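Protein chains in written order, with the numbering used here: chain A, 1 to 114; chain B, 1001 to 1115.
Written out as structure tokens, the structure reads:
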């Protein structure tokens, strides 16, 4: 089954404790992205990657890191989480071809930073 | 920068009736893509419908159709014969063009279908 998977689905942590949210897709998509969803703000892009070893900042990159060592994986790293990073996080992937570039989303990760 | 505006934070509709969700966007581009995504209580983001800006014909997918007004930069979603399973948050999204997968989302409209 074609899908984007994220782990964990739920996470409660404390300020300053490093964490990683994993994202994996099995559709051979070139493009991957991370979003955070907050009430009244919709989805805002954190980081994106056009292909392996190519990453770039989105609209709200502060406090986050990413890596793209393999095509299928795109982990999101919070080196020192803070309460303002409490949010719902989505990973997404897509092709980079005209007519096939709608994004497929993972199931979301609910993160709470105390 | 492109912006997407959904001016209706919440809407409700009676089962079997029709409802229209509004979306406007701001861009100087001529070629771009527009999307509506549905997010039910499960939180999964589900693509409902997409529209290419170069196509004049409005996209339709079963009970879902759009009214794309390029000059007015408007992209509304019409849901016909509303069903209880349509209850969800709906997001309008804009993508500049095929080689740039940067997608911009509106703030969302929470739709409740009442029995």
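Backbone N, C-alpha and C define an ideal beta-carbon position, used for all residues, glycine too.
Everything numeric in this text was worked out from a predicted model, so none of it was measured.
Whole-angstrom C-beta distance between residue 86(A) and residue 66(A), which should lie under 8 angstroms: That pair is no contact at about 19 angstroms.
Residue range of the beta strand (DSSP E) that includes residue 6(A): Its beta strand (DSSP E) spans residues 4 to 7.
Bridge-paired residues (DSSP) for residue 1052(B): 1033(B)
Unbroken beta strand (DSSP E) run spanning residue 1096(B), endpoints: 1088 to 1097
Nearest-angstrom Cβ-Cβ length linking residue 41(A) and residue 1107(B), presumed shorter than 8 angstroms: 6 angstroms
DSSP three-state assignment for residue 1058(B), whether helix, strand or coil: Coil, per DSSP.
Proximal residues of chain A, C-beta to C-beta of residue 1043(B) below 9 angstroms: Here the neighbours are 37, 88, 90, 107, 108, 110.
Min CB distance residue 76(A) to chain B below 8 angstroms: no
Sub-8 angstroms separation of residue 1018(B) and residue 1076(B) beta-carbons: no
Under 9 angstroms by beta carbon: chain A residues contacting residue 1047(B): Those within 9 angstroms of residue 1047(B) in chain A are 102, 103, 104, 105.
Proximity winner among 1035(B), 1039(B), 1078(B), relative to residue 1004(B) (alpha-carbon distances): 1035(B)
Residue nearest to residue 1031(B) in terms of C-alpha spacing, selected from 1053(B), 1040(B), 1020(B), 1025(B): 1053(B)
Supposed contact pair residue 1104(B) and residue 1093(B) - C-beta distance, whole angstroms, cut 8 angstroms: 6 angstroms
Contact under 8 angstroms by Cβ, residue 92(A) with residue 4(A): Going by C-beta atoms, residue 92(A) is nearer than 8 angstroms to residue 4(A).
DSSP state of residue 84(A) mapped onto helix, strand, coil: helix
Any 3 or more C-beta pairs closer than 8 angstroms across the segment 11 to 30 of chain A and the segment 1009 to 1018 of chain B: The segment 11 to 30 of chain A, when compared against the segment 1009 to 1018 of chain B, does not touch it at the 8 angstroms Cβ threshold.
Residues near residue 88(A) in its chain [Cβ-Cβ closer than 8 angstroms; skip 5 each side]: So the list reads 36, 37, 38, 108, 109, 110, 111, once near-sequence residues are dropped.
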